[in-house]
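Trainee:
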Amino acid sequence: MRWACILLTQLALDGVLRGRVDQAQPLVLAAGPAQRRVIKAANPAAWQLGLKPGLSLIAAQAVASGFAVAEYQEQQIEHWQRFLAAWAYRFSSHVSLDYPRALLVEVESSLGLFGPWPRFEQRLRSELTELGFRHRIVVAPNAAAARALAGVHDGLMVDERSLRHHIERLPISRCGLAADSAAALARMGLRQVRQLLALPRDTLARRFPAEVLLHLDRLLGVQPQALDCYLPADEFEARIEFNFEVDSHQALLFPLRRLLSDLNAFLAGRDCGVQQFMLSLQHRKLEDTRLPIGLLAPERNTQLLFEVTRSRLEQLQLPGPVLALRLQARDLPAFVPQPQPLFAERPQQSQPWEQLRERLRARLGDQAVYGLVAVADHRPECSWRVDRQGGGERPPSGQPRPGWLLPEPQPLNDLLPEVLTGPERIESGWWDAGDLRRDYYLVRTRDGRLAWVWQAVDGSGPFMLQGWFA
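For the sequence shown, position 359 matches number 382 in our numbering, and the numbering has no gaps at all.
(1) Can you tell me which of the three DSSP states GLY414 falls into?
(2) Any chance the region 30-41 sits against the region 136-156, with 3 or more Cβ pairs inside 8 Å?
(3) Suppose the cutoff is 6 Å on Cβ atoms and the five residues either side in sequence are ignored; what does the same chain contact list for PRO315 look like?
(4) Is it the case that the region 272-289 contacts the region 248-262, given that we only count it when at least three CB pairs across the two stretches are under 8 Å?
(5) Please report the straight-line C-alpha distance between VAL216 and TYR253, rounded to a whole angstrom.
(6) Find out if the Cβ-Cβ distance for the pair PRO356, GLN298 is shorter than 9 Å.
(7) Write down every uninterrupted run of the beta strand (DSSP E) in the region 421-466 whose length is 3 residues or greater and which is fully enclosed by it, in chain order.
(8) At 4 residues or longer, and completely inside the region 161-193: list those alpha helix (DSSP H) runs for me, N to C.
(9) With 16 as the cutoff for other CB atoms within 10 Å, does ILE81 come out buried or exposed?
(10) Got a sec? Which residues, its chain only, sit under 8 Å from PRO485 by beta carbon, not counting five neighbours each side?
(11) With three or more beta-carbon pairs closer than 8 Å as the criterion, would you say the region 260-280 touches the region 234-251?
(12) Please name the residue, chosen from PRO56, SER133, GLU183 and ASP462, that lies closest to GLY494 on a Cα-to-Cα basis.
(13) Who are the Cβ neighbours of ALA167 in its own chain at under 6 Å, not counting the five residues just before and after it?
(14) Can you name, in chain order, every residue of its own chain whose Cβ lies under 8 Å from the Cβ of ALA64, other than the five neighbours on each side?
(15) What residues in its chain sit with their C-beta under 7 Å from that of ILE190, if we drop five residues either side in the sequence?
(16) Flag this pair as yes or no: are the beta carbons of CYS28 and ILE160 separated by less than 9 Å?
(17) When we look at the beta-carbon of HIS238 and count the other beta-carbons within 10 Å, is it buried (16 or more) or exposed?
(18) One question on the structure: do VAL331 and LEU348 come within less than 9 Å of each other, judged by their Cβ atoms?
(19) Could you tell me the boundaries of the alpha helix (DSSP H) in which THR226 lies?
(20) Which residues in the same chain have their Cβ closer than 7 Å to the Cβ of PHE90, if we skip the five residues on either side of it in sequence?
(21) Just to confirm the assignment: which complete alpha helix (DSSP H) runs, minimum length 4, are found wholly within the region 215-269?
(22) Determine the direct distance from the alpha carbon of GLU404 to that of ALA474, and round the result to whole angstroms.
(23) Between which two residues does the beta strand (DSSP E) holding PRO321 run?
(24) Rounded to the nearest angstrom, what separates SER420 and PHE492 at their Cα positions?
(25) Report the rounded CA-to-CA distance for TRP26 versus GLY135, giving the unit in angstroms.
(26) The beta strand (DSSP E) with VAL39 in it runs from where to where?
(27) Mind reading off the beta-carbon distance from MET501 to VAL476? Whole number of angstroms is fine, and I expect it under 8 Å.
(28) Using the C-alpha atoms, what's the distance from GLN422 back to GLY414?
(29) Whole angstroms is fine: what's the gap from ARG43's alpha carbon to ARG353's?
(30) Helix, strand or coil for ASP481 per DSSP?
(31) Shortest alpha-carbon distance to SER451 belongs to which of GLU150, VAL398, CYS198 and ARG402?
(32) LEU328 by DSSP, collapsed to three states: which one?
(33) May I have the straight-line CA-CA distance separating ARG229 from ALA57, to the nearest angstrom?
(34) Where does the unbroken beta strand (DSSP E) through ASP354 begin, and where does it stop?
(35) Pick helix, strand or coil for ALA474, following the three-state DSSP scheme.
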């Protein structure tokens, strides 16, 4: 087996930056009591101002100004780690969260599907960058070695033959040992793992806890390591809180797109789609404004979901400034991708019918776009019904039927039409007091139009127009 360790180097900071439009603004994350708040993380712009982790917020405000401050929240770190585990689940069924701020992904069984490791690695990196998370990636024969090597390397791929060489060169302070054991070894003058491996094992066993030798054996692949596998959640929920009040639809579009991008990553990991979800706009003193979004078929395309949601959001009257957006998706049906032709048959600027249909429903309303569904009834007036759910289906094969049926038959204003086909006799409806007995004909009028007409079975009366052919 080969394990890839995706080390998330600035998980808390990246989680906050993802909800901000201006990511170049200096930003620090602070934690602690109000009298002694300490900087826990800082983005590159804040580092340039001289702000760095460990500095008190009071001292930071004395050093520089014009930087933003956000709360450092440990629970958010866990949230984003689990979110990325759901994203990684699309690439492997063995994903572990046993190490903080890191993902362990078994990749050897996935190479046949996603290609050789360089191409697979490039895909992982591009998607993580698009999601907004900085990272390091290292591949090793076991999970412990991958995690330890990711602390000092990026882009390294180690096989069984070179594993010991790379492990020996690791600093003891960064090889994954407990802090007290690493400090005791440092006081003995040991700096690298190779110096530790050169010591007699019985001496180490007497002077240090058993976990030291066990960890060394796991690094070298001598002892196996049992990992807990991640199981994706059954529903999706995400929230973006703003650091100011938003009172315009336009300012909500950036965080909305970020939420839908996260939803797409979650759905791809579960190989499912979404057909309905709830967007909640949270206010300071008012009840949440809830905007339900429903689709005709399961989807997970970020652009389509964004266009549909944006169209419905723009029609919404905001009752007050918005402080946060929350997106919840509980119904996650299976996703069946639409078949795509090998060669493009439509211009690039046009849209597939499924996407156009959803955009029209979002802009015009759910009741404004509908299809027609054939019903098992021979009477023309009863053989169709309006379908507002699935977009319609094809009528049963048989005799040709016009695409335009009149609401009520009316006399044909043509004394001598040309009969092309017919008669086709229809007798039906005796069970619901709608009995009819008619002979139907396909005729051409004097002005060249094709009409569907009927006449009483005894030949009496005029031709009655039922509909027109295109």
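Glycine residues also receive a C-beta, built at the ideal position from the N, C-alpha and C atoms.
All figures in this text were calculated on a predicted structure; none of them were measured in a lab.
Mentor: Per the coordinate set shown:
(1) Its pLDDT being 46, under 50, GLY414 is placed unreliably in this model, and the value from its coordinates should be taken loosely. It is coil, neither helix nor strand.
(2) yes
(3) MET301
(4) yes
(5) 31 Å
(6) yes
(7) 427-434 and 441-451
(8) 166-173 and 183-191
(9) When all chains shown are included, ILE81 counts as exposed.
(10) PRO434, LEU435 and GLN478
(11) no
(12) Summary: the structure shown does not reach residue 494, with the chain confined to residues 24 through 493, and so no result is reported for it.
(13) Same-chain partners within the cutoff: ARG241, LEU242 and GLN248.
(14) Here the set comprises GLN33, ALA35, LEU36, VAL51, LEU52, PRO76 and TYR95.
(15) These residues qualify, in order along the chain: ALA168, VAL216, LEU242 and LEU243.
(16) yes
(17) Flag for HIS238 reads buried.
(18) No; because the gap between Cβ atoms is not below 9 Å, this pair is not in contact.
(19) 224-230
(20) PRO49, LEU50, VAL51, ALA69, LEU72 and LEU74
(21) 216-220, 224-230 and 233-242
(22) Roughly 16 Å between the two C-alpha positions.
(23) From DSSP, the beta strand (DSSP E) with PRO321 extends over 312-322.
(24) Note that SER420 has pLDDT 47, beneath the 50 cutoff, so the model's placement of it is unreliable and the number below is only indicative. Each residue's alpha carbon lies about 16 Å from the other.
(25) 15 Å
(26) Premise fails: VAL39 lies in the alpha helix (DSSP H), 34-40, not in any beta strand (DSSP E).
(27) Lying before the first or after the last residue shown, residue 501 is absent from the chain, which here runs from 24 to 493.
(28) Unreliable positioning characterises GLY414 in this predicted model, as indicated by a pLDDT of 46, which lies under 50. The coordinate reading is nonetheless provided below. Taking the straight line from one Cα to the other gives about 23 Å.
(29) 26 Å
(30) coil
(31) ARG402
(32) helix
(33) 46 Å
(34) 345-354
(35) strand
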